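Each step along the sequence shown adds one to the number in the numbering used here, with nothing skipped, and position 137 is 137.
We put the beta carbon where it would ideally sit given N, CA and C, even for glycine.
Values in this document were obtained by computation on a predicted structure and should not be read as measured data.
Read through the structure below, which is laid out as structure tokens, and then see the notes.
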Amino acid sequence: MLKNFPTDLTHWYLKNKRDLPWRKTKDPYKIWVSEIMLQQTTVSTVIAYYERWIKTFPTIHDLAKAPIQTVLKQWQGLGYYNRVKNLYKAAFILINEHKGILPKDPQLIRSLPGFGPYTTGSVLSIAYDIPLTIIDANVRRVVMRLLALNGIADTKQDLKVNKFLLKVLPARGVGDFNQALMELGALVCRAKEPVCTVCPVRKYCEAYKQGKQEIIPQTKKKVIKDIQAVIAIIKKNDHYFIQQRPSTGLLADLWEFPGGKIEAGESKKEALVRELKEELGVQLKSSKHLFDVKHFYTQFRVNLSVFACSTVAELKTDDTHQWVSFKNFSKYPMPSGSAKIIEKLKFFLYK
Ligand code: SF4
1 MLKNFPTDLT HWYLKNKRDL PWRKTKDPYK IWVSEIMLQQ TTVSTVIAYY
51 ERWIKTFPTI HDLAKAPIQT VLKQWQGLGY YNRVKNLYKA AFILINEHKG
101 ILPKDPQLIR SLPGFGPYTT GSVLSIAYDI PLTIIDANVR RVVMRLLALN
151 GIADTKQDLK VNKFLLKVLP ARGVGDFNQA LMELGALVCR AKEPVCTVCP
201 VRKYCEAYKQ GKQEIIPQTK KKVIKDIQAV IAIIKKNDHY FIQQRPSTGL
251 LADLWEFPGG KIEAGESKKE ALVRELKEEL GVQLKSSKHL FDVKHFYTQF
301 RVNLSVFACS TVAELKTDDT HQWVSFKNFS KYPMPSGSAK IIEKLKFFLY
351 K
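Structure representation (structure tokens):
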């Protein structure tokens, strides 16, 4: 029954696939870069980043010899910075131990930073046609519908999903087959309103037969946390004070303005006083509210209240605390929330 499933799906893909820059190459390095960028980021956002990245670091050698600050700068705005740090670390290892060539052995690849089962499967199957299955959110949803599996689309489904994939994985053209499954999930078997009428694998689909395609997988309500934070813009002779975040944890190594989360029961002013004391060891002298910036992350949304501040004592500079002119902000990799603040500051008279 499933004999023609891979050919039906792959034929559809070859005719209907989107024209994306990373689909024009078989260079394992470029495919790897695109796969890392596409994790947790939409295709439309990744295109410009990918093209810029490949211009700046056309080969793995160019990436490995670039300073980390340049690499982080190229990534700025894509978020989830561990992805780029692992990419950078893995590039070093590949240069030193594998002459800059991505090995074909899945075990070896899995030992590199940032290579989980998904990335290993996608890069090796697309670049080298190695028969490995891949499961991402699109693939999981498509297979759950094909098999009419109950439950929400989480990793608990993956044993069953993978068992099915192993049954239908073709001996050749695995890269196209894997991409076809993902493309089907993105364009046809979408999370909301799947377009079953144009689906190339409708005749194999149990959810379609049972009329359950809209209710498989079940959905779970996302809990989004609201965070309030204060940000201090401290200016001296046309320079602004910024600091580098610690090298582990959320947004590690990125640069930002001083400030932080407002604790329960605290006013914005009290939070500013506490943050400047804790982070910089100085006392707040004056503060004036400038504007608010909202920024959305996957698990929370944050409201940043931005204040023009002055401090009682002079601020000390070192490797992780700097005075930076407006035009030099672009040299410092920053989280998207801080980049939004700079955009707003541009149109504000506080320049
Ligand atoms: Fe998805 Fe509908 Fe195709 Fe089934 S028939 S795989 S539900 S698009």
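The closest CA to that of D319, considering only K294, K24, Y332, E51, is found on Y332. Comparing alpha-carbon positions, the option among L147, S310, L9, L2 lying closest to P258 turns out to be S310. Contiguous alpha helix (DSSP H) elements confined to the stretch 201-275 occur at 206-209, taking only those with 4 or more residues. Rounded to whole angstroms, the Cβ separation of I216 and L272 is 49 Å, and the two are not in contact under 8 Å.
In this structure, G175 lies near I126, with their beta-carbon atoms less than 7 Å apart. Not a single heavy atom of ligand 1 lies less than 6 Å from the C-beta of Q322. By the neighbour-count criterion, in which a residue is buried when 16 or more other Cβ atoms sit within 10 angstroms of its Cβ, L276 is buried. Between A66 and N138, the C-beta spacing is not below 7 Å. For the pair A229 and F307, the CB atoms are not nearer than the 7 Å cut-off. Taking the Cβ of P28 as the reference point, every heavy atom of ligand 1 lies at 6 Å or farther away. Assignment of S111 by DSSP, reduced to helix, strand and coil, places it in the coil class. Selection G77, Q243, L112, K160 evaluated against E256 yields Q243 as nearest (Cα-Cα).
Proximity annotation: ligand 1 has residues V142, R145, L146, V188, C189, P194, C196, C199, V201, R202, C205, A207, Y208, Q213 in chain order, each selected because its CB is closer than 6 Å to a heavy atom of the ligand.
The alpha helix (DSSP H) runs of length 4 or more contained entirely in the stretch 2-29 are, from start to end of the chain, 5-16.
D62 sits in a helix when the DSSP states are folded into three classes. The continuous alpha helix (DSSP H) containing F164 extends over residues 158-168.
Across the set K104, T41, P117, Y13, the C-alpha of K104 shows the shortest separation from the C-alpha of D27. Taking C196 as the centre and dropping the five residues before and after it, the same chain places the C-beta of R202, Y208, Q213 closer than 7 Å to its C-beta, in chain order. In its chain, beyond the 5 residues on either side, L251, A252, D253, L254, E256 have a beta carbon closer than 7 Å to the beta carbon of R245. Two segments are said to touch when three or more pairs of C-beta atoms, one from each, lie closer than 8 Å; by this definition the stretch 67-82 does not touch the stretch 160-170. Around the Cβ of P58, a 10 Å sphere holds fewer than 16 other Cβ atoms; the residue is exposed. Between T41 and A180 a beta carbon distance of about 21 Å is seen, past the 8 Å cut, so the two are scored as non-contacting. Counting other Cβ atoms within 10 Å of its Cβ, E97 stays below 16 and is therefore classed as exposed. For S338, the closest C-alpha among the options L38, K316, D292, K55 is that of D292. Look at F300 here: in three-state DSSP terms it is strand. Pairing Y128 with T7, the inter-Cα distance amounts to about 19 Å.
One Cα belongs to S286, the other to T317, and the distance between them is close to 21 Å. Relative to the Cα of R83, the nearest Cα in the group A48, L38, H61 belongs to L38. Y204 and L146 do touch by the CB rule: their CB atoms are close to 6 Å apart, below 8 Å.
In the displayed model, K294 falls within a strand according to three-state DSSP. Taken in chain order, the whole alpha helix (DSSP H) runs of length 4 or more contained in the stretch 76-143 are 82-98, 106-110, 117-128. Judged by DSSP secondary structure, V46 falls outside any beta strand (DSSP E) and instead within the alpha helix (DSSP H) spanning 43-56.
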